[in-house]
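A.B. asks: I'd like to ask you about the structure that follows.
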Amino acid sequence: MIYLFSTYSVIFLFIFLYLLLINKRYRKQQKNFESLKEMITELKNRN
Amino acid sequence: MNNFYRAVITICKKELFLEMKRKETISTMIIFSILTIVIFSFSFNVEQVEKKILFSGMLWIMIIFSSLLGLGTSFKKEQNNNTLAGLLMAPVDRSAIFYGKLLANMIFVTFVELISIPLFLIFFNFTITENLLLFTVFIFLGTLGFISIGTFLSALTSYSRSSDLILPVTLFPLSTPLLIGSVKLTELVINSGGEGYSPWIQLIIVFDIVFLIIPLLIFEYILEA
Amino acid sequence: MIKNFNNQKQIMNIAEVLLLAGMLFVLYLIFLWVPEDKRLGIVQKIFYFHLASAWTAFLAFFIVFVLGIIYLINRNIQIDLLASASAEIGILFTTLVLITGSLWGRSSWNVWWTWEPRLTTTLILWFIYIAYFLIRDSIEEPEKAARISSVYGIIGFIDVPIVFMSIRWWRSRLHPVVFGEGQGRSRGGMDQDMLITLLFSLAVFTILFLVLLHLSYKQKIQAAEINSIKQDIRHQL
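This is the structure in structure tokens:
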């Protein structure tokens, strides 16, 4: 019984962790993207 | 076809010539093989354990680890002075480069084996009198498979920043069938005079053929300017 | 372009709803509907998600193989990004197969690990595709990384059946198969209700795979875009 439930919880846990991982990367990229945007406008102003 | 064959020979000759001048790779491989023998004798207490059980595994570990030294530098050394660009300019099929290197690596490793395997037998007081031919054939087929996939992966990993680290990590899992087959065959030769080897020899031959032919089809994608 | 994106979004929304409903339904089937196995007892219910994970992992690696070939032909970097997303999910499910296989082994044979052919092949598979990412991440130029990892994805997949055969022979030589693996048992002994449950879990896992693939792909596309913007800026400076 313990094994059965741990199996199913492990599966859902890992899928959840993977989703979190993708989300984390996504957030990081979003931040990166914002800072890049600022850089571009700055560059444009300088020109 | 004739052209292709000549290109293979030329590249192989170039490798041999380079090695004759520097003598780095082969000497390191031989020293390393002897070192593995010494380490085995320390770690397995070979005097007391039934040698037959450990023998074929130890032999193949020695062969594989020493070949790895040669394979690692096979393509990486072309990047130092960007000599790879020169090779790529040659008007032949790219896979000729692969087969040339393969042939050269095969010669190096066979040379090392000719020294290290007799030493292995001497150090562990082991004699193979019967079935010597079968033993040699099995060693050859196993080595051929290992060197062909190894040469291929050596080219594949030569682009990476840390190719020395990545080559073994890719090579070992992919060559599992070969390792299993070779160790089994050697074990069978020693213990039962080579009976019941047919599935294993089939396995090794299939592996050899697969990894000798696949490069013909996709090697050109690895080396692109 | 935007219209296309909206379309995609709608399809994904439908897929997500389908996934949620399907998952709940399958859990209902597994825990409440399907009868217990007479010999193995309740633990046998591990099997449904274990097999579904294995199926998903193989599907994922097969897709890496096919996309590798397509990439080498048409050189579209998006194809390669999709392949790498698939490989990542393949590793996720291979890890799950190993863990659930281990739990299964512990409960029915009282050992955490056996060198059983399928389990061992799965372990080797895991190593092969971990190496896929080691190679990929250690090559700087994205175009080169794509090319090399496509070649590796093809080679790796071709190797899998040989690995499986060799390990199977290796094990069966040492001692005869005890655990009732392989022929005769898996299909012959299976009850119809169990088969239905199994098929449903395979279907749900396939949808789960597609949803995860889409999410991961979107993230990788964005990462590639950011990288190219960065390169542009570097050129400008």
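Chains as they are written, first to last, in the working numbering: chain A, 225 to 271; chain B, 19 to 243; chain C, 4 to 240.
Where is the CB? At the ideal position from N, CA and C, for every residue including glycine.
Quantities reported herein were computed from a predicted structural model and do not represent experimental measurements.
I need the DSSP call for residue 214/B, collapsed to helix, strand or coil.
C.D. replies: The answer is coil: DSSP assigns residue 214/B none of H, G, I, E or B.
A.B. asks: Between the Cα of residue 232/A and those of 34/C, 23/C, 24/C, spot the shortest distance and give me the residue it belongs to.
C.D. replies: 34/C
A.B. asks: Thinking C-beta only, is residue 120/B closer than 7 angstroms to residue 164/B?
C.D. replies: no
A.B. asks: Hey, how far is the Cα of residue 52/B from the Cα of residue 86/B?
C.D. replies: Taking the straight line from one Cα to the other gives about 15 angstroms.
A.B. asks: Which residues in chain A have a C-beta closer than 8 angstroms to the C-beta of residue 226/C? List them in chain order.
C.D. replies: 249, 253
A.B. asks: For chain C, check one thing: does any of its Cβ atoms lie closer than 7 angstroms to the Cβ of residue 217/B?
C.D. replies: yes
A.B. asks: For chain C, find out if any of its Cβ atoms is closer than 7 angstroms to the Cβ of residue 195/B; answer yes or no.
C.D. replies: yes
A.B. asks: By alpha-carbon positions, which one of 224/C, 38/C, 13/C ends up nearest to residue 195/C?
C.D. replies: 38/C
A.B. asks: Inspect the beta-carbon positions of residue 170/B and residue 233/B and report whether they are closer than 7 angstroms.
C.D. replies: yes
A.B. asks: Is there a Cβ from chain B that is less than 7 angstroms from the Cβ of residue 154/C?
C.D. replies: yes
A.B. asks: In three-state terms, what does DSSP make of residue 236/C?
C.D. replies: Of the three classes helix, strand and coil, the one that applies to residue 236/C here is helix, per DSSP.
A.B. asks: At least one CB of chain C closer than 7 angstroms to the CB of residue 231/A: is that the case?
C.D. replies: yes
A.B. asks: Please return the same chain residues whose Cβ sits closer than 6 angstroms to the Cβ of residue 76/B, not counting the five positions on each side in sequence.
C.D. replies: 58
A.B. asks: Exposed or buried, residue 125/C, counting other C-beta atoms within 10 Å across all chains shown (16 or more means buried)?
C.D. replies: Here residue 125/C is buried. Its C-beta has 16 or more other C-beta atoms within 10 Å.
A.B. asks: Would you list the one or two residues that DSSP bridges to residue 40/C?
C.D. replies: 44/C
A.B. asks: Are the beta-carbon atoms of residue 172/B and residue 89/B separated by less than 7 angstroms?
C.D. replies: Cβ atoms of residue 172/B and residue 89/B: closer than 7 angstroms.
A.B. asks: For my contact list, residue 239/C and residue 260/A are in at a C-beta cut-off of 8 angstroms; report their separation, rounded to the angstrom.
C.D. replies: Not quite, the Cβ-Cβ distance comes to about 12 angstroms (not below 8 angstroms), so this is no contact.
A.B. asks: Verify the CB distance criterion: does residue 260/A have a CB-CB separation below 7 angstroms to chain C?
C.D. replies: yes
A.B. asks: Comparing the C-beta of residue 202/C with each C-beta of chain A, is any distance below 7 angstroms?
C.D. replies: Not an interface residue.
A.B. asks: Going by DSSP in three states, residue 118/C sits in which element: helix, strand or coil?
C.D. replies: It is coil, neither helix nor strand.
A.B. asks: Would you kindly work out how many angstroms separate the C-alpha atoms of residue 2/C and residue 12/C, rounded to a whole number?
C.D. replies: Residue 2/C cannot be examined here, being either before or after the span of chain C that is shown, 4 to 240.
A.B. asks: Tell whether a beta-carbon distance below 7 angstroms holds between residue 207/B and residue 139/B.
C.D. replies: no
A.B. asks: Give the residues of chain B in contact with residue 101/C, contact being defined as C-beta atoms less than 7 angstroms apart.
C.D. replies: Ordered by position in chain B, no residue passes the 7 angstroms Cβ test against residue 101/C, which lies about 14 angstroms from the chain.
A.B. asks: Taking a contact to mean a Cβ-Cβ separation below 7 angstroms, would you say residue 156/C touches residue 20/C in this structure?
C.D. replies: Taking 7 angstroms as the Cβ cut-off, residue 156/C and residue 20/C do not qualify as a contacting pair.
A.B. asks: Return yes when the Cβ of residue 234/A is within less than 7 angstroms of the Cβ of residue 102/C, no when it is not.
C.D. replies: yes
A.B. asks: Under 7 angstroms, CB to CB, which of the residues in the stretch 177-194 of chain B have a partner in chain C?
C.D. replies: 177, 178, 179, 180, 184, 187, 188, 191, 192, 194
A.B. asks: List, from N- to C-terminal side, the beta strand (DSSP E) runs of 3 residues or more that fit wholly inside the stretch 57-122 of chain C.
C.D. replies: none
A.B. asks: If residue 137/C and residue 187/B are in contact, beta carbons under 8 angstroms, what's the gap, nearest whole angstrom?
C.D. replies: 6 angstroms
A.B. asks: Out of curiosity, what's the CA-to-CA distance linking residue 95/C and residue 216/C?
C.D. replies: 12 angstroms
A.B. asks: Quick one: does residue 12/C have its CB under 7 angstroms from some CB of chain A?
C.D. replies: no
A.B. asks: Tell me where the alpha helix (DSSP H) around residue 116/B begins and ends.
C.D. replies: 113-141
A.B. asks: Please list the partners that residue 147/C has in chain B, where partner means a Cβ-to-Cβ separation under 9 angstroms.
C.D. replies: 177, 242
A.B. asks: Just the C-alpha distance for residue 36/C and residue 200/C, rounded to the nearest angstrom, thanks.
C.D. replies: Approximately 9 angstroms between the Cα atoms of the pair.
A.B. asks: What number of angstroms, rounded off, separates the C-alpha of residue 196/A from the C-alpha of residue 85/C?
C.D. replies: What the structure shows of chain A is the stretch from 225 to 271, and residue 196/A is not part of that stretch, so it cannot be assessed.
A.B. asks: Alpha carbon to alpha carbon, how far is residue 84/B from residue 48/B?
C.D. replies: If you take the alpha carbons of residue 84/B and residue 48/B, they lie about 7 angstroms apart.
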